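One point on numbering: in UniProt numbering, the residue at position 84 of the sequence shown is 84, and numbering is uninterrupted.
Heads up, the beta-carbon is just placed ideally off N, CA and C, and yes, glycines get one too.
Since we're looking at a predicted model, the values are computed, not measured.
Since the structure comes first, as structure tokens, the remarks are kept for the end.
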Amino acid sequence: MNQIINFKTVAGQLLNWIPVDKRHPVHDHRVPKLTTYRTIFLFLFALLQNQPSLSEFSAYFRKAKWLQQIVGFSSISDSALNRRLQRIPLFLLQEFYTDLMEALIQCQLKQDRFPDIGALRVIDPTQLSLTAHGEHWAFTQKGQVKVKLHLGLHVYNEQNVHPGRAVFSTAGVADHDPEVLDRLLQPDRENSTYVMDRGYPGYHQFCEWDQAGLRFAVRIKQNNRLTVTRLRPLPPECGIVEDAEVLVPSSKGEPHRMRRVTYPYVNRKGKECLSVVLTNRWDVEAPVIAQIYKLRWQIETFFKTFKHRMNGAHLYTNQAEGVTRQVLLSLIAYAFMEWIRVIGAPEQTIQRVLQLFRLYADAEPCDFREALEGKKTRTSKGRRKKPKIGRPRKHPLVPKPSE
1 MNQIINFKTV AGQLLNWIPV DKRHPVHDHR VPKLTTYRTI FLFLFALLQN QPSLSEFSAY
61 FRKAKWLQQI VGFSSISDSA LNRRLQRIPL FLLQEFYTDL MEALIQCQLK QDRFPDIGAL
121 RVIDPTQLSL TAHGEHWAFT QKGQVKVKLH LGLHVYNEQN VHPGRAVFST AGVADHDPEV
181 LDRLLQPDRE NSTYVMDRGY PGYHQFCEWD QAGLRFAVRI KQNNRLTVTR LRPLPPECGI
241 VEDAEVLVPS SKGEPHRMRR VTYPYVNRKG KECLSVVLTN RWDVEAPVIA QIYKLRWQIE
301 TFFKTFKHRM NGAHLYTNQA EGVTRQVLLS LIAYAFMEWI RVIGAPEQTI QRVLQLFRLY
361 ADAEPCDFRE ALEGKKTRTS KGRRKKPKIG RPRKHPLVPK PSE
């Protein structure tokens, strides 16, 4: 099978932006069949199919004749896949990821957004466990070998979200590490608002962001001792406890004037608590600030889908090079499915699009498109009550006397 066949399947058409027949001039020297672009294609397909291990994917590949026709060979071992995963050029994956991010941002410009809120970037990390034990590059403490993914999630509305800037580190790196935050928080053309939970930097960092023109909404401790200069009026029955102007101390000069919004919520145990949000947005009402922070939960939903639907929690290797590349490939796979959803079926969920992709991977693109659009194939109106046939009644119906 030395000739590449343009097999018209959903996988072949939807992933044709990866030139599987192209050889990299440096990294594919003397590589017989598992070239760089073919490796990227196969790993993206394995992640989209949620293959639990490379050995199972190798067995699946030997059975899938249509997939063999796309890449041009009939078998591959799991050890070869593992070796090639660690040698994928990282800059090439970063280019793919950046191109997908730009395409998604352009598509989101045509979608509906939250009124008055604008674009949001939710910053939060998640930990991924490895199976290695003993001395290991990702060792944290006894019985735990973990890595951490710091992510900035783009949120436009409750359904349109996609991953953005990402930083990969060991689990020992703090969430508020300055190097991590400098990579995640950068000015953009959408003038986004960065949303973060407690545990992120202190007041001096907030002042630096405010001076740099970055908009943010960060939850702080309830027992903070910020100086209140003025209480802003609240609309009636808005559900907000306090909307105050406060002075945030800075380590490089005078304190900065910011806004502190306090609102109640009920935790998982049914206990009523207070959430205190510090922000530098003055253009919206206090209930909108509360809504902005509540949208931080979108990143928790994303991490759940990323781990359980994109194989983010099942790493194929324990080597640092392979783990980094698999996590980035998982982000690319998610972004690719989100791009398909936005341009093809914006009313569908990402879980539904991924489910249909797995079902129609070896089918024709027209069948996949019809399933995405959700057109009804049933033509019958179902069982209906038939009208009575006969001449109309001349006299009214007299009810029977009750006994």
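{"query": "Unbroken beta strand (DSSP E) run spanning V228, endpoints", "result": "T227 to L231"}
{"query": "Cβ separation of R121 and G152, assumed to be a contact under 8 angstroms, to the nearest whole Å", "result": "5 angstroms"}
{"query": "When R391, P365, E338 and Q348 are compared against Q106, the one with the closest alpha-carbon", "result": "E338"}
{"query": "Pick from K146, T39, Q291 and D28 that is closest to V155, judged by C-alpha positions", "result": "Q291"}
{"query": "Beta-carbon spacing of R198, R219 below 7 angstroms", "result": "yes"}
{"query": "8 angstroms CB neighbourhood of V398 in its chain, flanking five on each side removed", "result": "none"}
{"query": "Residues that A244 bridges to, as DSSP identifies them", "result": "L231 and R260"}
{"query": "Pairwise C-alpha distance: A371 and residue 413", "result": "This structure does not reach residue 413, given that the chain is present from 1 up to 403, and the question cannot be answered."}
{"query": "Local Cβ density within 10 Å of S53, reported as buried at 16 or more and exposed below that", "result": "exposed"}
{"query": "Distance, N223 Cα to L90 Cα", "result": "44 angstroms"}
{"query": "Length-filtered (3 minimum) beta strand (DSSP E) runs lying within the region 317-375", "result": "none"}
{"query": "Own chain residues within Cβ distance below 6 angstroms of T126, not counting five before or after", "result": "L149 and F303"}
{"query": "Opposing strand residues paired with K148 [DSSP bridges]", "result": "Q127 and S169"}
{"query": "Neighbourhood of K146 by C-beta distance below 8 angstroms, restricted to the same chain and skipping five residues each side", "result": "Q127, L128, S129, L130, A138, T140, T170 and A171"}
{"query": "As assigned by DSSP and simplified to three states, the class of I220", "result": "strand"}
{"query": "Stretch-stretch touch, CB-based, cutoff 8 angstroms, three pairs: the region 298-312 with the region 274-286", "result": "no"}
{"query": "Helix, strand or coil at I5 [DSSP, three-state]", "result": "With a pLDDT of 34 at I5, under the threshold of 50, the modelled position of this residue cannot be trusted, and the question is left open."}
{"query": "Check whether L34 and R84 have beta carbons under 7 angstroms apart", "result": "yes"}
{"query": "For V284, three-class secondary structure by DSSP", "result": "coil"}
{"query": "Expected contact under 8 angstroms - CB spacing of T9 and A363 to nearest Å", "result": "7 angstroms"}
{"query": "DSSP state of P163 mapped onto helix, strand, coil", "result": "strand"}
{"query": "Extent of the continuous alpha helix (DSSP H) run through V180", "result": "P178 to L184"}
{"query": "Close beta carbons around Q351, own chain, < 7 angstroms, minus the five adjacent residues each side", "result": "T305 and R309"}
{"query": "Environment of N50 [buried if 16+ CB atoms lie within 10 Å]", "result": "exposed"}
{"query": "Reference R230, options M258, R296, Q205 and R23, closest by Cα", "result": "M258"}
{"query": "Cα-Cα separation, R383 to Y60", "result": "44 angstroms"}
{"query": "Per-residue DSSP class, three states only, for V277", "result": "strand"}
{"query": "Own chain residues within Cβ distance below 7 angstroms of R165, not counting five before or after", "result": "G152, R183 and L184"}
{"query": "Assigned exposure category for E373 - 16 Cβ within 10 Å defines buried", "result": "exposed"}
{"query": "T35 (DSSP reduced to helix, strand or coil)", "result": "coil"}
{"query": "Alpha carbon of G344 to alpha carbon of R369, nearest angstrom", "result": "8 angstroms"}
{"query": "For L214, three-class secondary structure by DSSP", "result": "coil"}
{"query": "Residues of its chain near D124, where Cβ-Cβ distance is below 6 angstroms and the 5 sequence neighbours each way are ignored", "result": "I299"}
{"query": "Own chain, CB closer than 7 angstroms to E272, minus 5 neighbours either side, in chain order", "result": "P264 and V266"}
{"query": "Of the listed residues N160, V246 and T227, nearest to E347 (C-alpha basis)", "result": "N160"}
{"query": "Through-space distance from H24 to K221, alpha-carbon basis", "result": "52 angstroms"}
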